[in-house]
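Some notes on the structure that comes next.
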Amino acid sequence: MKKLKKIIILFIVTILISACQQEDTPIATDIKTDLTMGYTTEPEGLDPHRTAAASTFAVTNNIYDTLVGVKSNWEIEPRLAEEWVISDDGMEITFSLRDDVYFHNGRKMVSKDVEYSFNRLKDAESPRARDYENIVKIEILNDYEIKFTTANLDVDLLQSFAYPWAAVVPEEAESNLKTQPVGTGAFTLKEWLPQQHLILEKNENYYGNEINLTTVKLILIPDATSMMAGFQVGDLDIIPLTGDQVTMVEGNENYQVLSEPMNAVQIMSLNTNNQYLSNEKVRQAMAMAINKDEVIEASMFGYGAKIGSHLPPTSPDYYDANNIIEYNPDKAKELLEEAGYKDGFTIDMSLPKNYQLHVDAGQVIADQLSRIGIDVNIQIVEWGTWLSEVYGAKNFDSTVVGHTGRLDSYAFLSRYRSDSQDYISLTSGEIDQLLENAIKELDENKRKEIYKEIQIILANKLPAIYLQTPHTMFALQKDVGGMEIFPIDIYDFKEVYFIE
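Read in order, the letters of the sequence shown are residues 1 to 500 in the numbering used here.
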């Protein structure tokens with residue numbers, strides 16, 4: 001009997017211990033690791049050295065990596081290079097590379113890959129070649145050290161290594177990078193179905209911090225209404241917002257809104273080779289006829305700031321040039337008459353279909369110009385057509401478009417050099433000299449004054465009519481964390497996570 005009691009007591013104690021252990025053990029919960037985001041514009045391709053489209057770099061920033069990167073607060077941070085040294089004269093920069101970086105094909109990254117990538121970035125097929133023409137020598141010191149030498153002093157040299165087009169690629173993958181990218185970034189390309197979706201997959205061999213997401217699915221949805229519907233039913237975790245949609249999500253406890261002024265400008269570019277637009281008085285008249293407040297309200301529902309030249313208010317070198325040529329339609333008519341066009345004229349305006357912001361702005365501008373006798377034939381074109389015909393062939397009269405994400409003012413403004421191959425045409429020896437002075441000026445205050453002079457000249461000459469700096473806006477489901485807005489036009493998913 002005593003033996004039986006001992007067995008019963010032992011059995012009860014065992015059950016109690018087991019119960020306590022179960023109570024102390026946390027219950028496993030399933031945290032999402034697959035992110036779905038809507039986007040509006042198909043990448044032109046996934047080769048970082050062969051495109052100028054922001055829609056491409058928003059994606060490729062996650063597949064490739066650069067020697068240095070930029071934080072959301074504009075600070076430069078180490079990436080593939082763990083440290084760097086700039087020579088006393090500012091004309092050499094030596095990078096020390098990480099020794100634990102692997103390409104997605106499994107091969108280790110070394111200095112020769114950096115040398116190859118920048119030579120490729122500088123070649124004739126690269127739309128960014130002019131940005132790096134000052135680099136005249138690339139010297140491999142060893143497998144993990146490489147030195148760049150410039151022909152002239154460039155005070156903003158370091159920033160030029162942070163742009164997503166300055167990505168390091170392996171030479172053996174060169175021929176297929178457009179559709180089969182091989183980088184060192186936090187994600188690899190799992191699938192790309194053009195005009196449908198693009199899927200990124202976590203890079204298990206990534207050199208940086210642990211990636212929280214397993215996959216990122218980017219679904220192409222050009223129509224903003226359809227995208228919002230998908231977000232509201234929970235099919236999409238993140239979407240870009242248009243100004244009219246903010247009130248649909250703001251104040252709802254199930255959603256978050258990210259909003260920051262873009263490091264970008266929206267402009268109406270004018271082809272100064274056109275018989276009418278070559279006349280400076282005509283361009284000034286057009287600027288006076290445009291009510292920018294109406295443009296901002298129609299295109300961004302007020303989420304934008306007027307600009308008078310080609311730097312955004314986010315730039316430390318920004319000068320407020322809005323009062324140089326102000327809205328004055330009566331004066332605009334007088335200027336047109338002085339220019340010899342009292343009865344007006346007709347021009348075409350090419351608008352990129354996938355960017356509703358620019359389409360809406362263009363339509364408002366066309367209506368405003370008609371009031372002073374300038375008729376505008378609007379041509380809404382696919383983004384690929386815009387890139388080839390307007391940006392590439394310069395076959396246009398006028399267009400409304402955005403210029404985004406430069407970290408230094410020289411890069412923003414160098415398109416106005418007389419020898420620039422840019423689609424904006426301007427010949428100004430004065431601007432050429434000022435740009436040359438700016439890139440060599442070590443004194444920050446003096447450099448700021450130089451950029452002020454350039455902005456004033458542009459505000460008067462008007463090779464483009466400077467409209468606004470719009471806001472970048474995203475809607476996120478309440479369980480999404482880690483998403484940030486950057487001063488260059490990229491998405492960065494490596495720090496994004498789902499909240500438990």
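C-beta: ideal position from N, C-alpha, C; glycine also.
Residues of the same chain with a CB within less than 6 Å of the CB of A361, apart from the 5 flanking positions on each side, are V295, S299 and V400 in chain order. Annotation note: the stretch 72 to 133 contains the following uninterrupted beta strand (DSSP E) runs of length 3 or greater, listed N- to C-terminal: 76 to 78, 81 to 86 and 92 to 97. In the displayed model, P316 falls within coil according to three-state DSSP, outside both helix and strand. Check the Cα spacing between H403 and each of E389, I424, R417 and K394: the tightest is with I424. DSSP, reduced to helix, strand and coil, places E337 within a helical segment of the structure shown. CA-to-CA, the gap between D397 and D343 works out to about 19 Å. Per DSSP, the unbroken beta strand (DSSP E) holding V401 starts and ends at S398 to T404.
A residue is called buried once 16 or more other Cβ atoms fall within 10 Å of its Cβ, and K202 is buried on that count. Ranked by Cα distance from P240, the first of I380, N437 and T41 is T41. With fewer than 16 other Cβ atoms inside 10 Å of its own Cβ, V136 counts as exposed.
Runs of the beta strand (DSSP E) lying entirely within the stretch 445 to 481, each at least 3 residues long, are 464 to 477 in chain order. Q368 is the residue among D419, S409 and Q368 whose C-alpha sits nearest the C-alpha of D330. The Cβ-Cβ distance between P487 and V70 falls below 8 Å.
Taking C-alpha positions only, E171 is separated from F57 by approximately 20 Å. Annotated three-state conformation of T188 is strand, per DSSP. C-alpha of T469 to C-alpha of W386: approximately 21 Å in a straight line. Sequence-distant partners of E495 (beyond 5 residues in either direction) whose C-beta falls short of 6 Å from its own C-beta, in its chain, are G482.
For N377, the beta-bridge partners assigned by DSSP are D348. Going by C-alpha positions, K353 is about 12 Å away from Q363.
By the Cβ criterion, the stretch 48 to 55 is in contact with the stretch 120 to 140, since at least three pairs of Cβ atoms, one from each stretch, lie closer than 8 Å.
If you check the CB distance, T472 and M286 do not come in under 8 Å. Separation of E441 and L413 (C-alpha to C-alpha, rounded to the nearest whole angstrom) is 16 Å. One Cα belongs to A366, the other to E297, and the distance between them is close to 15 Å. Taking each of L213, T94 and L193 in turn and checking the Cα distance to T150, the smallest one comes out for T94.
Boundaries around H358 are those of the alpha helix (DSSP H), Q356 to S370, since no beta strand (DSSP E) includes it.
Pairing L193 with L200, the inter-Cα distance amounts to about 12 Å. Ranked by how close their Cα comes to the Cα of M248, the residues T225, Q356 and N152 have T225 in first place. In this structure, the straight-line span from the alpha carbon of I238 to that of G90 is close to 42 Å. At a Cβ-Cβ threshold of 8 Å, M228 and Q245 count as neighbours. If you draw a straight line from the Cα of I221 to the Cα of N322, it is about 36 Å long. Under a 10 Å Cβ-count criterion, N152 is classified as exposed, with fewer than 16 other Cβ atoms of the shown protein chains found around its own Cβ.
Within the same chain, S96 come within 6 Å of E145 by CB-CB distance, once the 5 residues on both sides are set aside. Annotated three-state conformation of Y39 is strand, per DSSP.
For Q256, the enclosing beta strand (DSSP E) begins and ends at Y255 to P261. With contacts defined as CB atoms closer than 8 Å, I325 and A167 fail to qualify as a contacting pair. A straight line joining the alpha-carbon of N437 with that of Y132 spans about 18 Å.
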